[in-house]
Structures are given as structure tokens and as C-alpha cells.
Amino acid sequence: MTSSAPIDLLLQLHNAALSDMRTSRPKKLVRALVYQAEDLTPEAEGLANERCFREALESARSTDRLVEVWRKQLTDWDFVSSPEWSATVERTEDRRRAVYTLLSLSEETRKLLDDLVPVSKAEGPVVITDEFVPWYTPQSQQGRTWYWPSYRKYLESKSWKAEAVAGLDVATDAVVERLADPTQALPYQSKGLVVGYVQSGKTANFAGVIAKAVDAGYRLVIVLGGTLNMLRAQTQRRIDMELVGRENILRGASEFESDYATDPAWSQGRFATFGALPSTLGAFDIVRLTTRDDDYKSLLQGITALEFEKHEPALPLFDPRNLHRSSARLMVVKKNKSVLSKLVKDLGKIKTPLSEIPVLIIDDESDEASVNTSNPAKPDAERTAINKAISDLLGMLPRAQYVGYTATPFANVFIDPSDTQDIFPKDFIVSLPRPDGYMGARDFHDLDSPVPEDGRTYANSNELAHVRDINVKEENGDDDVCLQRAIDMFVLTAAMKLYREQEGGLGDRYFQHHTMLIHESVRTAEQRELLVRATRLWWNGGYMGPAGHARLRELFDTDVAPVSAVRADGHAVPPSYDALAPYVGPAVTRIGGDDKPIVVVNSDTDLETGEADFDKRSIWKMLIGGQKLARGFTVEGLTVSYFRRRAGNASTLMQMGRWFGFREGYRDLVRLFLGRAETMGAKEIDLYAAFEAICLDEENFRAELKQYATMVDGKPQVTPAQVPPLVSQHLPWLKPTSPDKMYNARLVEIRSPGQWQEPTAYPTKVADLRHNTALWLPVLARLSNEPTTFSYHFPAEGSRSAVTHHFDALVGRLTPDEFLGLARDVRWVTPTQFAPHRAYLTAITEGPAPDVDDWVVLAPQHAQAGQRLSLGGRPGAFSWFGRERRRGPLFGAISEPKHRAVPLRMAGSLADPGNPATEALVGPRTGVVIVYPVVERAHRADIDADGNLAPEKVVMTFSFVAPATARRSDGRVVRFTTVDSAKEDQAIIDAD
209 MTSSAPIDLL
219 LQLHNAALSD
229 MRTSRPKKLV
239 RALVYQAEDL
249 TPEAEGLANE
259 RCFREALESA
269 RSTDRLVEVW
279 RKQLTDWDFV
289 SSPEWSATVE
299 RTEDRRRAVY
309 TLLSLSEETR
319 KLLDDLVPVS
329 KAEGPVVITD
339 EFVPWYTPQS
349 QQGRTWYWPS
359 YRKYLESKSW
369 KAEAVAGLDV
379 ATDAVVERLA
389 DPTQALPYQS
399 KGLVVGYVQS
409 GKTANFAGVI
419 AKAVDAGYRL
429 VIVLGGTLNM
439 LRAQTQRRID
449 MELVGRENIL
459 RGASEFESDY
469 ATDPAWSQGR
479 FATFGALPST
489 LGAFDIVRLT
499 TRDDDYKSLL
509 QGITALEFEK
519 HEPALPLFDP
529 RNLHRSSARL
539 MVVKKNKSVL
549 SKLVKDLGKI
559 KTPLSEIPVL
569 IIDDESDEAS
579 VNTSNPAKPD
589 AERTAINKAI
599 SDLLGMLPRA
609 QYVGYTATPF
619 ANVFIDPSDT
629 QDIFPKDFIV
639 SLPRPDGYMG
649 ARDFHDLDSP
659 VPEDGRTYAN
669 SNELAHVRDI
679 NVKEENGDDD
689 VCLQRAIDMF
699 VLTAAMKLYR
709 EQEGGLGDRY
719 FQHHTMLIHE
729 SVRTAEQREL
739 LVRATRLWWN
749 GGYMGPAGHA
759 RLRELFDTDV
769 APVSAVRADG
779 HAVPPSYDAL
789 APYVGPAVTR
799 IGGDDKPIVV
809 VNSDTDLETG
819 EADFDKRSIW
829 KMLIGGQKLA
839 RGFTVEGLTV
849 SYFRRRAGNA
859 STLMQMGRWF
869 GFREGYRDLV
879 RLFLGRAETM
889 GAKEIDLYAA
899 FEAICLDEEN
909 FRAELKQYAT
919 MVDGKPQVTP
929 AQVPPLVSQH
939 LPWLKPTSPD
949 KMYNARLVEI
959 RSPGQWQEPT
969 AYPTKVADLR
979 HNTALWLPVL
989 ARLSNEPTTF
999 SYHFPAEGSR
1009 SAVTHHFDAL
1019 VGRLTPDEFL
1029 GLARDVRWVT
1039 PTQFAPHRAY
1049 LTAITEGPAP
1059 DVDDWVVLAP
1069 QHAQAGQRLS
1079 LGGRPGAFSW
1089 FGRERRRGPL
1099 FGAISEPKHR
1109 AVPLRMAGSL
1119 ADPGNPATEA
1129 LVGPRTGVVI
1139 VYPVVERAHR
1149 ADIDADGNLA
1159 PEKVVMTFSF
1169 VAPATARRSD
1179 GRVVRFTTVD
1189 SAKEDQAIID
1199 AD
């Protein structure tokens, strides 16, 4: 295409052609262009060919408007699940080829498009589902969509990437299609759970679900927006701004009468708009029954507003002739007994039969307050207040659908599945993918890092880059030293943000918010004391004088500069502190110029007065808070966190991680100061280690959901009711709701070909420990006398440097029958943890077609002298490992990361690294057993000079990797049995 060709007209032509395909399928492009050209200028006909398109692409950049138009549409086609027009898997090269074929594009044009718009490899949602009847199809949506296209357009206007919008489309479809058809005659209540990440965009997902649900016919939407006024108001504003829109908010009133009249986003035109009331444009309105400032109130007009209009009085409301001509009602209510009781009471008064109203209940943070915590074992036990109110709503609204949203799902999946009045997600669990650009728990830890500890740097270690220790003991009990350094970092990163706005081209006020969170206690008295300390440190910090600049220079040179040098991702980094120094003064003024550098957030008043309202003003402050900031509430611009708060369970601790979220433009500046030796009762705990353990448990849960989501013979491997046993393997201290009952669906086998498996439930009883040590002694006696050095080389990949893992190990072999016999005889403190693995080992050893020839035994040895045990009649021959039981009787991680690659290679899971010693033991049907003699802290002093230790003081632990070829032909990765076949549809039965 020549340079004089009208590129704007070409863009208009392609936009029209692709818009027409958006609601149907990919069609022959040239024919679509010719058809659309008839409605444009005569010059358009000359552009309606593939040659002009190809010439435009040859000179295009990835950010050109024509490429963006194609990026959006190709991404949509890449992401759509099970379309009628292709049997290919989404987000694959096969899917893209299928699209190109339907468009009838040449190979030259295909290559140009692939270069400019590569196929997305983003993860899709993982869905654990019961069987359901499909109803939410393109045909059912035809001509009825209004709020979803508007919401999608709004997100695109906020510069959401095409991949993110398409991913949201797919994820919300996965939820809506599993709700009941709102127009069907027979009522059905679907209950589901959507699992996201802390502060990762769950609100965007449920706003999308609401948009699609009301388009489909749901006419009453109840959003349970947290337990605090600030959370409810935050959720209301977000839905109003992005989905409900200006016209539905005003409903004919003056702009100045809006509850958002003083909101900057309202006056700046950042609320969604339709141009007129949707009902005047052929769609339907959304009537708000709550506002930003007002929760649901039991008023006469509230009752009247709940009445649904019927254009065909003789027909039920759910009949399409009524449903699609009726307005939708929306309310965002706090999880409060009084508020929910008013709603239940008012619903009982309206004239519209409740059995006719399609209702969608969205429960944000569904593991908080919603779950029934009453002990069902007690006589006359009653539900907790919020749970009862939700149960009452579900009971009186037979067409109500319940969808819970949380980042910490364990409480929800442990709800009694047989309790039909409760909120157990019996129909589906959707695990959302980790969003692009999200900074979560993994980004503060070096989980499964192939880099040994002595080789870690700011570039390859998340811990070194972002985590700073609070160890009051090392500072002689003086917490002020650590807190002062954190405040200094807050000032320094504030100056860095101003530098990037000015020198990095981001522009004035790019960083609307810059915050530091100080979280030590939920007690208001202790928060007041902390306020006094932090205020004193701020005013005595001397940030405008030489003492303050000296501290900041040292912190810049030793921390900020080296981290940002390798992690700034293209954002501006000052060449020296002298270049940054001019921005320190403005940063200090921005934080404390009003003489209020610190805001204490321990009541709703702090929000109502605007002190901590991120919607109404730019906030550059330190925030001291407890419960009010511990769950759900988004702390915008959070850059430095100072955290010493203890908690007794994983969900509570994870929700306190306000430092998780999106950090566009300042990811490298994020710092987390964590207590490493905090006192909790009689115990001393490392909060960093606690977060790491929780992160591992969460990732294991998600990983298991992912592998079980694969259908077998068109049916789900597991249903939501079968998920709890999977969770209990990773969080055994988190008990089911009813301790006197057991799950009817019992996990009996986990198939793990080529995967590292590490049992942790080793016994504590003396007799059991002695028994296990005796089992392993003959195995140890047969190991080689001298260790062999093994290694595995990981080549450089992306930003990760090349690294080689190497270690020494004594080597031996076991026959399949020998290892199976040992696995059967080993004793455990929790036998159910290993039983599913034992079943798999039995199947691959004794089945009609055995899948294992032998087991290589490795006993890793320390490179340094010391830590030796005498075992199996061999004096001082074996290295012992110091490990502790972190969760009750269970150990945390036992193996070392550097030991894993070699066994995985021997079992066939990794490629050949070129190490002869490793390759000599590789076999097509070889498994590997890795043995770790563990000595707990209490017994280490009992090891004598010759390495002798009583057998009951040694914990013989092991990991194993089954041959990668040991797979079953049916594709299942787990197998369940039903305890009582007469109760196959029940998730639990009474324990004997």
C-alpha cells in the first residue's frame, strides 16, 4: 500500500468488517471488506483487498491503530472456549491457524499478523464443575447484550490489554454459564465459588458476571460487600462507576444531586455513560437500591422499588416476554445482621411472587462472616447471624444463584456439602489465573528457585530485592531502628516516584497515591502508641537536613540503586543520589506538608471524614491500621509495608498481605519489612517463613485443581464436593465443619508420574519412629561406600541466568517389590496423607502391566564435614538434615531445591543435561527414592562423637519420583471411592 493511501479509511473498513464478525465467527476477510466498503466512500472499494492490508502490516508497528483493532479481535478468537466454528484448543497455534483459514488469509499475511500479534499463552481459568445443562450460548445472547459490551468498552478505555479483556470474557462466561437459565420454568439454585488472588481484580470479575447476568435476564442483584462500611462503599462506587453508569445513577436528577457530586472521577467524566437512559435506547435500566453513602434501608420507597413491573400480567416474571422488558435492581449491602434482616423482611412484603424473580447473589470475601462457624455437634446449635441471613435469602428466593468470591477459599470448601441451606459451592469452583502484572506472594519469595542461596542476587532473588528483616532482638529490643529505616525507604521511594514523573516522562500526578502501611496490632491502644512513635521518628528524621540526607544516600546506594538497576523494567533510575536529592524535599512536603504525615485507620470514621478515602483525594501518607485494613480494602499506591502482626490461621494472615496487587511504574521500589522473630504465646515465629508456607499451600491447592479439571470421557474427574479431601492433605490443621462426620467421597489414589512427591506426616511416637528407622537400615547398608557427584545444568532463560545444581549422594537400588513393601510398612502420624500415593505405587508395581523396572536410591551428602550419623552398621557414613515440624506434627519442606533436578531427570521428566553420572542412572521405567535422615532440634545434642543416635530420635524421611512413563491410559490423575454406594450423591455420611 502506497504512503498516500488513506490509512484512516483502511482502518474504518477493517473495523467495520471485524465488528460484524465479533458477534458471529471468522469469515472470509476480502468478502467482508467488499461488503462493508459499499457503505463507505468510493475509495474504500479500492482498499477492500488483502494486498492493501498486507502492505499496511509490512510498515506497521505493534502499537498502530490497525494492529490494535486486529489484536483485539484475534485475541478474542484465541481465547473463546469451545466455539461452534472450531474444535481446536484455545490459545494455541492450531486455534490461530483455524481462524486464518476461515478468514482465507495468505501465508504472507498470516506471518505478518503472527509477528505483530503473537498467540497468547496466558493461562485460562481452572474450573471444577458438576455436570450442567448448557444454556448461555451465543444464540441465547443474540440481541440482548447491553451492559457487558458497555463494561468491556469501559475497560478498554482504561487501557486494559486485549489479553486481559479477553481473559475476563472467558472467565466470566465460565461462571455465568453454570448459573441456572433465568427463563426456565423449573427453578434451580446454583452455588459456586470463584477463587482469585489477594487484591488481584476479583471485583472486575464479578462486575463482569453481573453485567452478563443482567443481560441474560437476572433482575435482582444482591452484592454482599464485606463487613465494613468502607468496603461496602468502595464496592458500590466501583460498580456504579464502571457498570451502572451516569444515567442510571441520576435517573433524570441534576448532576449536582448525585451522591458522587464531590467525587473527582464524576466531574472528570470517568463514570461509564450511555448517552441516555438505557430504557430509552431499547435496553433496560438498572435501578440502584443502595448508594455509595447509604446501605439498604427499610423504607416504603425501598419496598416499592423492589416491585417488578410485568408487561404481561398473566405470565410469570421469568417469562422472556416480561423479563427482558423489566428493569434490573441492584443493591450492595454490608454483611450486617440488621441490614440483611431488613432486606429479608422487605422481600417478604412485595407483591411480585418471589418464586418468579431470577436473583444473583454475589458474596465478596465469602470466607469472612458468611460461613457458619457454629459447632453442629452441640445440641440445638444455631447458625451464626450472617450465615442465617444468607440462608434465609436463599430459602425465600428459589431462583437465587449464589457466587462467592475469595482469595482464601479453604473455609468455603470445608462447609458441610450435605447442608442444602448453606453456601457450599456444590456446582462449581472457578480458580482465576494470576493476572499479568500482578505482584503476589510468589514475587516476595524464591519458591523452587534453581539458584543456590550463595548465588542469589537482586536480579534473581525476590527475597533479596523486596524483603527486609525486622529483627528487634538484633537491635537490642529497639524497634525504632527498623521502623526508622522503613520510613526512610518510604521517603526515598516517594522521591523516586517524583523523579520518574519528571525525568522519566510519566507526567505530573502519574502516581496519585503513595502509601506506607504500618501493621503491628489490631488493638487501638497499641495503634495510638505506635502513632506517637512513628510521628516522633518522622519529625526527628531530619529529611531536609544533612543527617536525613546522609541516611537516604546510604539507603539509596546500598538498596534502591542496586535493586532498581536490575528491576526497573525501563523506568527512570537516577545515576546517583545527587540526581535524586532535589526531589526529596517535594516528596517530604507531599507527605507531611499538612502536618499530618500519618493516618490511623481503625474506624469507619476515617473513611467518612475523607482521611483515608482514596476515591476523593490524592493520598501520600503513612497508614497505621489493623482489622480495617486487613481484608478487602485496597490501599492504593502501597510501596512500603512494615508488618509485625501475628495471626492464628492461614486465611487471616494471607488477607493481611495488603502489599499484594498491581504496582505499575514502581514494582522495583516495593519493600516489605517483616518480623522474623515475633512472639506468639509461648512460640517464636518467623512471619516470612509463615507467608512462604501459606503460599506453598495455596499454590498446591491451585495446582491440584488444575490437574483435576481435565475432563475424562466428557465428565468431570472430581466435583466440588470432592475437593475438601484434597485440601486436607495440605492444610491438615484446618478441620471440616463437622468433626463427627467423614466425607463420602474418599481420595484413594494420586497418580504422579514424573512428579516430585514429598510426604511430611512422619510419626511422633517412639515405637513408630524406631520401627521406621529399622525399615530403612537394610537399604542404607546396601548403598555405595563412596558418594557420587551429580549435577544438572539449567541454561539461561529470559531474565534468569544459567545455573548448575550439583550435590554428592550415596547410591543404591531397590526392586519394585522392595520399595512397595517398604512403602506399605512405613508408619505415619496421619496415614491418610500417604495412602493415595501408596495406592498408585501398588498400581504401577503389581498391576497387569507394571510400569516400573527399578528404583534408584539417593542419599544426599553434605559437602562439608560434620552432621554425620552412624546407621546400618556404617560408622559416620550418612549426612543428617535438620528439619522442624511446622504445622502441628507435620514437617514443612524437607528436601533441598538443588537435590530435585537430578532425580527428575533420572525419572524422565527433564531433558538430558549432559552429566555422565546422572545419565548413567536414567532409565525409561526408572523411579527415584531420595532418603533424608532428619534430626529435630530437641535431639541434636544427643548425637555422640561417633555419630551414634538412638533410632527413635531419627526421623527417616523420603521423597520419590515415579517414572514419567508410569501413566494410566484413562488419563485420570486421581481416583475416588464412595464409602456408601447407596449415598453416592452425598458428599459426607455419618461416621461409624
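My numbering numbers the first residue of the sequence shown as 209 and each following residue consecutively.
Each residue gets a CB set at the ideal place from its N, CA and C atoms; glycine is no exception.
Item	Value
Neighbourhood of aspartate 651 by C-beta, 8 Å cutoff - its chain only, sequence neighbours within 5 removed	Asn670, His674
Runs of alpha helix (DSSP H) wholly within the stretch 1008 to 1048 (minimum 4 residues, chain order)	1024 to 1033
Touch test, the stretch 542 to 554 against the stretch 400 to 413, Cβ-Cβ under 8 Å, three pairs minimum	no
Asparagine 530, buried or exposed, once every other Cβ within 10 Å from all chains shown has been counted against 16	buried
Distance between beta carbons of isoleucine 827 and threonine 723, contact taken as under 8 Å	6 Å
For proline 524, the three-state DSSP class (helix, strand or coil)	coil
Sheet register partners of glutamine 965 (DSSP bridge)	Phe1168
C-beta contact flag for alanine 1119 and valine 1169 at 9 Å	no
Whole-angstrom distance between threonine 842 and alanine 480, CA atom to CA atom	21 Å
Cβ-heavy atom distance, aspartate 662 to the ligand NAD, below 8 Å	Questions concerning the ligand NAD fall outside what the structure shown contains, since it holds no ligand whatsoever.
Beta-carbon gap between serine 408 and glycine 869 smaller than 9 Å	yes
DSSP state of methionine 830 mapped onto helix, strand, coil	strand
As assigned by DSSP and simplified to three states, the class of tyrosine 970	coil
Local Cβ density within 10 Å of lysine 543, reported as buried at 16 or more and exposed below that	buried
Nearest-angstrom beta carbon gap, proline 1003 and tryptophan 1063 [assumed within contact, 8 Å]	With a Cβ gap of about 29 Å, tryptophan 1063 and proline 1003 do not count as contacting.
Contacting residues, own chain, Cβ-Cβ under 7 Å from arginine 279 (five flanking each side not counted)	Val325, Ala370
Isoleucine 447 vs leucine 363 beta-carbon contact at 9 Å	no
Arginine 496 classed as buried or exposed, judged by whether at least 16 other C-beta atoms fall within 10 angstroms	buried
Whole-angstrom distance between histidine 1013 and glycine 833, CA atom to CA atom	44 Å
Rounded distance between the beta-carbons of alanine 1067 and alanine 1017, thought under 8 Å	6 Å
Spatial neighbours of phenylalanine 1015 in its chain, beta-carbon cut-off 7 Å, leaving aside the 5 residues before and after	Phe998, Pro1068, Lys1106, His1107
N- and C-terminal bounds of the alpha helix (DSSP H) containing tryptophan 356	355 to 365
CA-to-CA distance, glutamate 301 to tyrosine 243, given in whole angstroms	29 Å
CB contact below 9 Å: alanine 1085 versus chain C	No chain C appears in this structure, which consists of one protein chain only.
Selection from Phe482, Phe764, Arg478 that minimises the alpha carbon distance to arginine 459	Phe482
Distance between leucine 237 and serine 312 (C-alpha atoms, nearest Å)	7 Å
Member of Ala224, Pro971, Glu276, Leu428 whose CA lies at the smallest distance from the CA of threonine 1038	Pro971
Start and end residues, alpha helix (DSSP H) containing leucine 274	273 to 287
Distance between glutamate 886 and valine 1060 (C-alpha atoms, nearest Å)	48 Å
Rounded C-alpha distance that separates tyrosine 344 from alanine 484	28 Å
Spatially closest choice to isoleucine 726 from Arg1032, Gly715, Phe698, by CA coordinates	Phe698
Chain-order list of residues whose beta-carbon lies under 8 Å from that of threonine 1126 (same chain, five-residue window excluded)	Phe998, Ser999, Tyr1000, Val1110, Arg1113, Met1114
Beta-carbon proximity check, lysine 399 vs tyrosine 355, cutoff 9 Å	no
Per-residue burial, serine 290 [other beta carbons within 10 Å of its own, 16 or more giving buried]	exposed
Closest Cα partner of valine 422 within the set Gly433, Pro528, Asp572, Ala240	Pro528
Those runs of the alpha helix (DSSP H) which lie wholly inside the stretch 482 to 562 and span at least 4 residues	508 to 513, 528 to 531, 545 to 555
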